[in-house]
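Q:
In our numbering, the protein residues as written are 46 to 685.
#1: Identify, in the order they occur along the chain, each residue of the same chain with its Cβ nearer than 7 Å to the Cβ of residue 142, setting aside the five sequence neighbours on each side.
#2: Can you say whether residue 185 is buried or exposed, counting buried as having 16 or more other CB atoms within 10 angstroms of its CB?
#3: For residue 547 and residue 617, I'd like the C-alpha separation in whole angstroms.
#4: Does the stretch 451-463 come close enough to the stretch 349-364 that 3 or more CB-CB pairs lie under 8 Å?
#5: Using 10 angstroms around the beta-carbon of residue 205, count the other beta-carbons present and answer buried if the total reaches 16, otherwise exposed.
#6: Pair every Cβ in the stretch 518-537 with every Cβ in the stretch 471-491, then say whether three or more of these pairs are closer than 8 Å.
#7: Residue 606 to residue 306, Cα distance in whole Å?
#8: Mind the definition here: the stretch 421-432 touches the stretch 169-179 only if three or more C-beta pairs lie below 8 Å; say whether that holds.
#9: Can you give me the start and stop residues for the beta strand (DSSP E) that residue 121 sits inside?
#10: Can you give me the Cβ contacts of residue 188 inside the same chain, cut-off strictly under 8 Å, excluding the 5 residues immediately before and after it?
#11: Tell me where the alpha helix (DSSP H) around residue 532 begins and ends.
#12: Can you check DSSP and say which residues form a bridge with residue 567?
#13: By the 10 Å Cβ neighbour count, where 16 or more other Cβ atoms means buried, how is residue 86 classified, buried or exposed?
#14: Put residue 211 into one of helix, strand or coil per three-state DSSP.
#15: Is the distance from the Cβ of residue 652 to the Cβ of residue 451 below 7 Å?
#16: Check residue 287 in the structure and name its three-state DSSP category.
#17: Report yes if the C-beta distance between residue 631 and residue 595 is below 7 Å; otherwise report no.
#18: Under 8 Å: do the stretch 96-105 and the stretch 66-83 share three or more Cβ pairs, one atom per stretch?
#19: Is residue 113 helix, strand or coil by DSSP?
#20: If you follow the beta strand (DSSP E) that residue 356 is in, where does it begin and where does it stop?
#21: Give the DSSP bridge partners of residue 373, in chain order.
#22: Could you tell me the alpha carbon to alpha carbon distance between residue 494 and residue 347, rounded to whole angstroms?
#23: So, helix, strand or coil for residue 157, using DSSP?
#24: Taking the beta strand (DSSP E) that residue 193 belongs to, which residues open and close that run?
#25: With distances taken between CB atoms, is the gap from residue 543 to residue 581 smaller than 7 Å?
#26: At what residues does the beta strand (DSSP E) containing residue 488 begin and finish?
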């Protein structure tokens, strides 16, 4: 009566609770321990949960139950409501049966592919594209049974006709080992489903699973930030100064030594979870608590956050001998914006030949040292002509589909060849074709649906999707991509609101103000931003009163609500110090109102500059409407 839940369900939940109590009161040497474990497994307890109750480890419980033949059976998902026997390749594991529904001794060659799991911020359809293309490539290269393990019904990889067998199961060590024991495949692919399967790689390898492609030890050397940093030191490759987490006192001293701002980075996480930039000691303390909560099993490192640096990344594949760079990707925004949220272009637009050669050199050396066989992604910082390595992922990245389609080469097909111990030369691939067009990828956000969300981008990923478009030049591709992501390009002669925090940023916005005025845009600004623009010779600036200046007209809030603004350029100051609280609140209100009234808002100086240059070329730059196949045909190069 209190809960409003039917007693039928409450009794079932009570049974689970009582079973846990029994587990905690039972010892591993008790006579009835196996029956207790068997009942717990039937109720859905994992080995890890049982191990916690017995105060032991997961593998001890696994060994104990396997010796007692307490193992799950494989059942086919009944798509026919029991009207007649279902013959599907949809499979699941259960302890609620006595025998398997399928025969595992077909004699066919098998490979397991681990999918990406649930869609969320940081993991979306990009990884599913990689998984599906890997399955197709396996079939094409003679594997008779491609087995997909995934639990997300929204994905293409869980469609009935995508793989020979689909296990609709959780992506955990226990479940993957259960399936591996049943199927006895040639190996398991962990490098195409994003961070979840990548995190399992070393544990699977240590449990006797054969990983196809890069070894679990190499993956751990890349993912563990301390080990990877040590490797870079060994190779003589520059990286931002860093230190492993020991004590808060030591880290405070290190931060003081290298100078704020500093970046706190957990290991083995996706989408920059719990990554933060600290500009002062109090922020450092708060962020360290969060980072250690998110990544308890792995070390947290603190490194110098390099402001005003260009971020560059490389997607590619290696077969253990030949190393192919799919693309060197240039981020439009400076470092500090997560790569999943960055607007990026291929080929690079502003990097010098010397920087490109350095990036290639470092890439080859890192890939060789880690003995990569399959996909890889390496991220760099470029500042004052120097190139630094910040991260290496020995898996497919979320930009792999974008690179493949811009390049005209299916990188996942090449990666699959490498994972099957085949060589690129076997299919006549020794180098990749030159790119004759420009590809731009822009993020897609859901701020409208996330009440109160702030659209300012940082080191933790916020986007929920992405769009990539090809064009004859950068402006052409950027314009298409922005419009495809539902960014309303302001009309010629429209109105732009410019609000910028901090004196240094205000000076940097001047060239944009001049360019927009010359194009005929009406510019509105807050008092100090308007003053900076006027002092620099930008005329006809209309001043709007700040949000907190209630009752004073004309006011920013009224103009946003009445649709008098076509574009908001709101560049906030990076420092979140308490003394700026009123300013920060004003800036946030402007951004949030723009989102709620569907007014395009730009919060990054570099992106605002790129957008302004695109608008300058709008009249002279006509859109080219061509299909993807037309762009690919122009390359006149295919190996599949």
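Every residue gets a Cβ at the ideal spot worked out from N, C-alpha and C, and that includes glycine.
A: Based on what the coordinates show:
#1: 118, 120
#2: exposed
#3: 8 Å
#4: yes
#5: exposed
#6: yes
#7: 37 Å
#8: no
#9: 118-121
#10: 154, 155, 156, 231, 465
#11: Counting along the chain, residue 532 falls outside any alpha helix (DSSP H), and DSSP gives it neither H nor E.
#12: 540
#13: buried
#14: strand
#15: no
#16: strand
#17: no
#18: yes
#19: coil
#20: 355-364
#21: 359
#22: 33 Å
#23: strand
#24: 190-195
#25: no
#26: 483-489
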